[in-house]
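These notes concern the structure reproduced below.
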Amino acid sequence: MAREDLQIGFIGGGNMAQAIIAGLLRAGHAPGAITVAEPAPAVRARLVGLNPSIGATHSNADVAGRAAVLVLAVKPQVMPDVLAELSAARRPAGQLIISVAAGVTLQTLRLALAGSDAVRAMPNQPALIGEGMTALAAATDLGETGRAKAEYIAGSTGKTLWIADEALMDAVTAVSGSGPAYFYLLMEIMEQAAVELGLPAEVARTLVRQTALGAARAANLPGNEPATLRAGVTSPGGTTAAALAVLEQAGLRETLQRAITAARDRGAELGRSSR
Ligand SMILES: NC(=O)c1ccc[n+]([C@@H]2O[C@H](COP(=O)([O-])OP(=O)(O)OC[C@H]3O[C@@H](n4cnc5c(N)ncnc54)[C@H](OP(=O)(O)O)[C@@H]3O)[C@@H](O)[C@H]2O)c1
Numbered sequence: 001m002a003r004e005d006l007q008i009g010f011i012g013g014g015n016m017a018q019a020i021i022a023g024l025l026r027a028g029h030a031p032g033a034i035t036v037a038e039p040a041p042a043v044r045a046r047l048v049g050l051n052p053s054i055g056a057t058h059s060n061a062d063v064a065g066r067a068a069v070l071v072l073a074v075k076p077q078v079m080p081d082v083l084a085e086l087s088a089a090r091r092p093a094g095q096l097i098i099s100v101a102a103g104v105t106l107q108t109l110r111l112a113l114a115g116s117d118a119v120r121a122m123p124n125q126p127a128l129i130g131e132g133m134t135a136l137a138a139a140t141d142l143g144e145t146g147r148a149k150a151e152y153i154a155g156s157t158g159k160t161l162w163i164a165d166e167a168l169m170d171a172v173t174a175v176s177g178s179g180p181a182y183f184y185l186l187m188e189i190m191e192q193a194a195v196e197l198g199l200p201a202e203v204a205r206t207l208v209r210q211t212a213l214g215a216a217r218a219a220n221l222p223g224n225e226p227a228t229l230r231a232g233v234t235s236p237g238g239t240t241a242a243a244l245a246v247l248e249q250a251g252l253r254e255t256l257q258r259a260i261t262a263a264r265d266r267g268a269e270l271g272r273s274s275r
């Protein structure tokens, strides 16, 4: 069977499920091979709006009963109920489970859904525009076919990489899962500062957003390192040096380190409460 015809089911049809479904449709996946279980009728209508051939239902058991790959896209807090329901449902042999929920471990998934292979995925919000970053973790016994299916689905929304040690997935959540928010905050602060210095809001917006985009693209080129790029724009005694000195003195490095550690710890806590 062509991978575009793989039967993919989603439990939960919210933001992340919609981002992945949009990515799959962009990649040419057959819309009729996608089914979604979602309790909210308005959200189901939005899903069918993406493509009328997508199957949308309120029944988790119906979706689980036909999917070769089942993507669990519900909040971690809801996961215990969903896993209990799915463990009682009839599901195809060899079904691959992919969970995108922060903190929910492979062991939790495999204990609840015995007989299924499981992949833990941590996507991020730019998945919505095909610029996502998804880290994947699986038990060592997951075969090449299972890995390829997970890469195909997650890869439809952007980049993917595998994390060998699942214990590091909470750190991944703190860096790339929550990471877009850190850059958004920086952009908000820079736009506000620009306006306070007298620039019109529209000008501030363009200056900040194009600067962020340009810096991200430059840092992403092979061989480029942020520290080297930064040194390249920081002349001794110059304007950039004046700004960076204030940031260093204010403890930006330590503050961000503490922030990312707090996100990592919260991810672990959410995982414990979803067991
Ligand atoms: N959004 C992100 O940037 C992001 C990034 C990384 C990981 N994630 C992970 O992705 C998962 C989903 O996040 P999201 O942002 O897509 O959340 P969301 O928009 O709230 O989507 C979750 C959907 O699941 C539905 N739902 C609730 N209970 C359900 C049940 N028992 N069975 C089936 N569906 C149910 C919800 O419906 P109701 O609204 O009616 O309750 C909602 O539509 C979370 O675990 C999150 O950790 C999200």
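Using the numbering used here, the letters of the sequence shown correspond one by one to residues 1 to 275. In this text, a Cβ means the ideal position worked out from N, Cα and C, and glycines have one as well.
Work out the CA separation of A56 and A101 for me, nearest whole Å.
21 Å
Could you work out which residue in A73, A68, E196 is closest to M1 when comparing CA atoms only?
A68
Can you tell me which of D265, L186, I189, V119 puts its alpha carbon nearest to the alpha carbon of L161?
Cα-wise, what sits closest to L161 is V119.
By DSSP's criteria, V100 is part of a beta bridge. Which residues make up the other side?
Note: V100 sits in no beta bridge, so no partner.
Roughly how many angstroms lie between the CA atoms of L128 and A245, to the nearest whole one?
36 Å
Check for me: the beta strand (DSSP E) holding A137 runs from which residue to which?
132-138
Looking only at its own chain, which residues have a Cβ that is under 7 Å from the Cβ of F183, when we skip the five neighbours before and after it?
A212
Any idea if I189 is buried or exposed, counting beta-carbon neighbours within 10 angstroms, 16 or more meaning buried?
Result: exposed.
Is DSSP giving R26 helix, strand or coil here?
helix
Exposure label - T108; buried when at least 16 CB within 10 Å:
buried
Rounded to a whole number of angstroms, what is the C-alpha to C-alpha distance between D5 and A242?
57 Å
Could you name the residues that DSSP lists as bridge partners for F10?
V36, V71
Note the first and the last residue of the continuous alpha helix (DSSP H) segment covering R3.
No alpha helix (DSSP H) contains R3, which DSSP labels as neither H nor E.
Under 6 Å: does the beta carbon of P226 sit that close to some heavy atom of ligand 1?
no
Short of 7 Å in beta carbon distance, which residues of its chain neighbour A219, apart from the five on each side in sequence? Order them along the chain.
Correct list, in chain order: P226, L229.
What is the DSSP secondary structure of A181, reduced to helix, strand or coil?
helix
Out of G177, L207, A259, T145, which has the shortest C-alpha to C-alpha gap to M277?
The structure shown does not extend to residue 277, since the chain is modelled only from 1 to 275, so the question has no answer here.
Grab me the residues of L25's own chain with a C-beta within less than 7 Å of its C-beta, minus the 5 sequence neighbours each way, in chain order.
P31, L50, N51
Sorted by chain position, which residues of the same chain lie with C-beta nearer than 7 Å to G251's C-beta, five sequence neighbours on each side aside?
none
Opening and closing residue of the beta strand (DSSP E) in which R120 lies:
In this chain, the beta strand (DSSP E) harbouring R120 covers 117-122.
Tell me whether the segment 57-66 and the segment 80-99 touch, counting them as touching only if at least three CB pairs, one residue from each stretch, are closer than 8 Å.
yes
Whole-angstrom C-beta distance between P76 and G271, which should lie under 8 Å:
With a Cβ gap of about 7 Å, G271 and P76 count as contacting.
If you count every other CB in all the chains shown that lies within 10 Å of the CB of A167, and 16 or more means buried, which is it?
Answer is exposed; the Cβ neighbour count stays below 16.
Kindly indicate which three-state DSSP category L161 falls into: helix, strand or coil?
strand
Hey, would you say the C-beta of V78 is under 6 Å away from at least one heavy atom of ligand 1?
Answer for V78: yes, Cβ within range of ligand 1.
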